[in-house]
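In this note's numbering, the protein residues as written are 13 to 525.
From the three backbone atoms N, C-alpha and C, an ideal C-beta is built for every residue, glycine too.
As the structure is a prediction and not an experimental result, all values here were calculated from the model.
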Amino acid sequence: CTLVGFLTGCVGLDVVPSNKFTEETYWTSEENTTSVLTMGYRQMFEAKRHFGNEILSDNIVSAYGSPDEKIIAMGAATPSLSRFEDEWKDCYGGIKTTHTFLGNIDKVEMNETKKERMKSEIRFIRAMLFFRLTTWWGDVPFFTEDITKEEAVEIKQTPHKDIIAWIHQELEDIAEILPTRAQYARADRGRITAGAAVALNARVALYENDWERVKKYCEQLITESTYGEYGLFDNYEELFWKVNQYNEEIILDIEYVTDYRTWSELQDYVPMSQEARLCVAAPTQQLIDCYITLNGEKPVNGEDYSNRDPRLAATVVYNGSSWTKRDGNTETIWTDPARDTKDRFQTGSAGTPTGYYYRKYADPSPAAYTAKWDCNVNIPTIRFADVLLMYAEAMHELGQMNKDIWDKTIRPIRERAKFTADTALDFPATASNEELREIIRNERRCELALEGLRIFDIRRWKIAENVLPEPPRGASFTTAYPARSFNRNRDYLWPIPRKEMLLNPNLVQNDGY
């Protein structure tokens, strides 16, 4: 139904009053064209998906309420679940916008170079949306120009591999057209760049375990400057703060602007003492245990937070953490039940179910918020550290990991995190192939924790069936939580929404539903 609904409507109606424009009169100004492109940016991705995707993983556990992601994680989802319907609707709605734009922009008189750039931006958005669809569902309806509602209810699915091949070629083509980050004027910061096209191509290849392509695209950003120059921002925690938006590490982010577009998800993840509404989900002890000690060893006691990877304190609030308030003052957050605080663990309360809260993204500056937790800070979706980690993983899987590659990838990431011991920074030359694989995967988990990527990693590694059914743990003073569920014969793909199956008899449901 969403496919039909969006394919029969005029995207411009969401931008301008419907009683003032027709399809013929709307596409006469650059301003109107820019409005539709802006709509495409808004439809590409959003904060609620960014945070919701993390609930699907083993990094956090949801104990309060029943968000759709929790239902999926528990193995109780049906094809009628709203998350499935909304994801499908959102992606095809955005694709409708891109096709409307591409089908009409040539009617507008404007600078041709700018027009080609705008076309490439919207093509990137379309590639991103099809990537989301085919990652979750595999074979999906695929088309590169507008179709009629009659075609929409008869279209068949295109094989996943063919869609991936198209995405790769599309991103390669537009990378040659888009400006680099440095070539954009200050007023255009945040627009899609050539570097973003290359980085997304690397991520697409990563999810397919296509290591040669991952290597190729990552090297275009690591060893070349054709598609832009990137580096690691020097402070991990402050990387996500408003004052440091558009820094050299950000390749692509979700744009938010004061009074026009904000997000408020943090109100359901931060400590209750900081005017949180509730704790819908919290980091697990399994995630905490992944943070190594400063000398590079696995922690003996996961609840000993001293002498640990500094990214732990920058990512998670634990018992005894120091929290900086917006007035500049600091306070200690206590989560153990022995202390009478708002943040303490209590069975059945709206507070933390694990003894942990989110810290990542919690900018202490008042300028980052419109009111309480209505945030106007951009959310990074692809950053250079991810490119380095993708490259390290690809080189290891290709049998080409060595000290030189390590020193270009893992070492600088750990140096930025403020590791100083040689045992943490030096290449582990004596590690076995499997041990080195786990080191690289663990580094990825810690560096990118709570950024909505873990679910895709455990799916492509084919370990979701092992890690998700493991009962989520919290700190020792919390209670145990029921094991989640993951059926390896069913859950690596989502079910086609029931409404779509009823509308289009040519759609074939994924196995197990």
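Three-state class that DSSP yields for residue i in the structure shown
| i | result |
| --- | --- |
| V292 | coil |
| R496 | coil |
| Q521 | coil |
| R135 | helix |
| R193 | helix |
| S47 | helix |
| N31 | Only weak support exists for where N31 lies, its pLDDT of 49 falling under 50; the coordinates are left without a value. |
| E343 | strand |
| W100 | helix |
| T336 | strand |
| W385 | coil |
| P392 | strand |
| M95 | Going by the sequence as given, residue 95 is Arg instead of Met. If DSSP states are grouped into helix, strand and coil, R95 belongs with the helices. |
| Y281 | coil |
| I266 | strand |
| I72 | strand |
| P322 | helix |
Assumed close pair residue i, residue j - CB separation to whole angstroms, cut-off 8 Å
| i | j | result |
| --- | --- | --- |
| G105 | Q55 | 6 Å |
| K354 | M284 | 4 Å |
| F498 | L480 | 4 Å |
| N454 | C230 | In fact, because the Cβ distance is near 19 Å, the residues do not count as touching under 8 Å. |
| V254 | A379 | A quick correction: the sequence has Lys, not Val, at residue 254. The Cβ separation is near 6 Å, so the contact holds. |
| D158 | T112 | 7 Å |
| T364 | C291 | 5 Å |
Within 8 Å, strictly: CB atoms of residue i and residue j
| i | j | result |
| --- | --- | --- |
| Y281 | W275 | no |
| R320 | T305 | yes |
| R323 | A397 | no |
| I263 | G202 | no |
| A406 | K173 | no |
| A362 | Y76 | yes |
| T435 | N331 | no |
| V73 | A374 | no |
| N516 | I167 | yes |
| R4 | E182 | With the chain represented from 13 up to 525, any question about residue 4 goes unanswered, as that position is not in the structure. |
| Y368 | V329 | yes |
| E220 | Y242 | no |
| V165 | A187 | no |
| I234 | K415 | no |
| R138 | I394 | no |
| K60 | E343 | no |
| S41 | V120 | yes |
| I425 | D265 | no |
| P509 | E81 | no |
| R456 | E477 | no |
Buried versus exposed, by CB contacts within 10 Å (16 or more), residue i
| i | result |
| --- | --- |
| T296 | buried |
| T160 | exposed |
| G411 | exposed |
| G486 | buried |
| T20 | Unreliable positioning characterises T20 in this predicted model, as indicated by a pLDDT of 38, which lies under 50. The coordinate reading is nonetheless provided below. By the 10 Å Cβ count, T20 comes out exposed. |
| A433 | exposed |
| P171 | exposed |
| P483 | exposed |
| S92 | exposed |
CB contact below 8 Å: residue i versus chain B
| i | result |
| --- | --- |
| Y104 | No chain B is present in this structure, which holds just one protein chain. |
Task: Contact the stretch 451 to 466 vs the stretch 393 to 408: 3+ CB pairs below 8 Å - done: yes
- [ ] Indicate whether the contact test is met: 3 or more Cβ pairs, each with one atom in the stretch 146 to 159 and one in the stretch 501 to 508, closer than 8 Å.
- [x] yes
Open item on the list: Would the stretch 192 to 207 count as touching the stretch 434 to 448 if we require 3 or more Cβ pairs under 8 Å?
Closed with: no
TODO: Tell me, please, whether the stretch 38 to 56 touches the stretch 111 to 120 by the rule of three or more beta-carbon pairs shorter than 8 Å.
DONE: yes
- [ ] Inspect the CB distances between the stretch 237 to 257 and the stretch 488 to 495 and report whether three or more fall short of 8 Å.
- [x] With a cut-off of 8 Å, the stretch 488 to 495 and the stretch 237 to 257 do not count as touching, because too few Cβ pairs lie within range.
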